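Residue numbers (our numbering): 91 to 503.
Using N, Cα and C, we set each Cβ at its ideal position, and we do this for glycine too.
On a predicted model such as this, the values are computed, not experimentally measured, just so you know.
Take a look at the structure set out below.
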């Protein structure tokens, strides 16, 4: 017996393949468009035995436009989910509207500037296309996910509802689909929901490995209680882990050690204040885009005894709220690094070293993107527009390997 897994085709997860579950890796991704948010989905069965999809999202407040409302500032946004069947006909959908009020703009620079929620939509077994859109009410900027999904039949009674990543946010657990942990975001927290007939005991084994060293840095096995709607939650401390992407491997075995399900998930750890000998040079190279030449040269030439103090001083000088433990500028910068690595990297170089990654890190998400992947008379190319900066950039994938290089910019960048 294997446990079936709920699957969004665009973001793979494990499901039954023959007599042995296949190991796949699920990567986090941000929405497409001019508003960035993160999304995760899990399947659950309600008290009547019907299948439901739980959509949970996280959205940074600074993605929204706030306008004055008396003595406060107010923003509004909507989340819509539209489900299409395999013939392209809309078969389900719903929308939710939210209003946010803050006392002043300083509130956006504090650590409690995250919006997160969970939305539920009933959906019977079948194959679908899901279009999930988050739209800012004041600016009309929008981000979108467009993904194929498969909802398995629940008649067997044995399936994995999914893995939900969470974060401890001021003492409460909130959805955390971007899976960025460490400095400011705390330990890795995730919950596995499964529905399993029978009274035999099950074990969940979790292991965290560093792809750079191919070594396991943390592992734990935990029993899953024998009760309806079984679930297991784990917490992984990451304070001592260097910056970087890690692989979280999950395995479920029965009491006879038979493999029932397995999957892998990419998570990111950010501990920018933690310096190790191996990653110092890379960290220095990553801040070249925002450092003054004198700062950059000092960091590169620093000896081991000077590195920590210079590194802390570099980020302290850019901290918008120096009286707090959180450095919002630094966190936002490394979130851009992570996004660049996830979206623009290739087998040739990591995403932050690519031309697209460099522009994204310096200027953020473009206001408009033109993609031309299948032109007859030219290699694939993209055009990025930054209207506020009056900037137009053309990237060309000259050799067809996904290595887009800048071939035109209308001003110095």
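Beta-carbon proximity list for residue i, same chain, < 6 Å, skipping 5 on both sides
i: residue 201; result: Because residue 201 sits at a pLDDT of 49, beneath the cut-off of 50, its placement in the model cannot be relied upon, and the following sentence gives the value as read from the coordinates. Same-chain partners within the cutoff: 416.
i: residue 272; result: 328, 359, 360, 361
i: residue 169; result: 186, 224
i: residue 66; result: There is no way to answer for residue 66, as the model of the chain reaches only from 91 to 503.
i: residue 181; result: 173, 175
i: residue 191; result: 162, 164
i: residue 142; result: 134, 136, 210, 212
i: residue 312; result: 294, 322
Whole-angstrom distance between residue j and residue i, CA atom to CA atom
i: residue 214; j: residue 494; result: 41 Å
i: residue 189; j: residue 225; result: 12 Å
i: residue 231; j: residue 147; result: 17 Å
i: residue 321; j: residue 314; result: 7 Å
i: residue 441; j: residue 484; result: 17 Å
i: residue 269; j: residue 335; result: 10 Å
i: residue 398; j: residue 392; result: 9 Å
i: residue 256; j: residue 274; result: 14 Å
i: residue 412; j: residue 330; result: 23 Å
i: residue 204; j: residue 283; result: 25 Å
i: residue 111; j: residue 348; result: In this predicted model, residue 111 has a pLDDT of only 46, less than 50, meaning its place in the structure is not dependable; the value taken from the coordinates is given anyway. If you take the alpha carbons of residue 111 and residue 348, they lie about 11 Å apart.
i: residue 427; j: residue 345; result: 42 Å
i: residue 447; j: residue 405; result: 21 Å
i: residue 323; j: residue 281; result: 4 Å
i: residue 381; j: residue 243; result: 54 Å
i: residue 350; j: residue 177; result: 33 Å
i: residue 184; j: residue 390; result: 53 Å
i: residue 159; j: residue 153; result: 18 Å
i: residue 492; j: residue 433; result: 11 Å
i: residue 229; j: residue 155; result: 6 Å
Residues near residue i in its chain [Cβ-Cβ closer than 8 Å; skip 5 each side]
i: residue 234; result: 121, 122, 123, 221, 222, 223, 224
i: residue 258; result: 276, 277, 279
i: residue 459; result: 472, 473, 474, 475
i: residue 465; result: 471
Cβ separation of residue i and residue j, assumed to be a contact under 8 Å, to the nearest whole Å
i: residue 325; j: residue 292; result: Not quite, the Cβ-Cβ distance comes to about 19 Å (not below 8 Å), so this is no contact.
i: residue 167; j: residue 194; result: In fact, because the Cβ distance is near 20 Å, the residues do not count as touching under 8 Å.
i: residue 456; j: residue 475; result: 6 Å
i: residue 251; j: residue 132; result: 5 Å
i: residue 119; j: residue 134; result: Between residue 134 and residue 119 the Cβ distance is about 23 Å, and since that is not below 8 Å, they are no contact.
i: residue 209; j: residue 253; result: The pair is not a contact, with the Cβ atoms about 18 Å apart (cut-off 8 Å).
i: residue 395; j: residue 386; result: Not quite, the Cβ-Cβ distance comes to about 19 Å (not below 8 Å), so this is no contact.
i: residue 445; j: residue 469; result: About 14 Å separates the two Cβ atoms, so there is no contact after all.
i: residue 297; j: residue 306; result: 5 Å
Those residues which DSSP pairs with residue i across a bridge
i: residue 125; result: None, per the DSSP bridge assignment.
i: residue 504; result: Lying outside 91 to 503, the shown extent of the chain, residue 504 is not represented and no answer is given.
i: residue 472; result: 461, 485
i: residue 336; result: 357
i: residue 500; result: In the DSSP output, where bridge partners are listed per residue, residue 500 has none listed.
i: residue 162; result: 159
Neighbourhood of residue i by C-beta distance below 7 Å, restricted to the same chain and skipping five residues each side
i: residue 451; result: 379, 426, 427, 430, 442
i: residue 424; result: 360, 362
Suppose only complete runs of 4+ residues qualify. What are the alpha helix (DSSP H) ranges in the segment 339-388, listed by chain order? 370-376
Which runs of the alpha helix (DSSP H) at least 4 residues long sit entirely within the segment 397-469? Give them in chain order. 418-434, 445-453
Give the list of continuous beta strand (DSSP E) stretches no shorter than 3 residues that lie fully inside the segment 203-281. 204-212, 216-226, 232-241, 249-259, 262-265, 270-272
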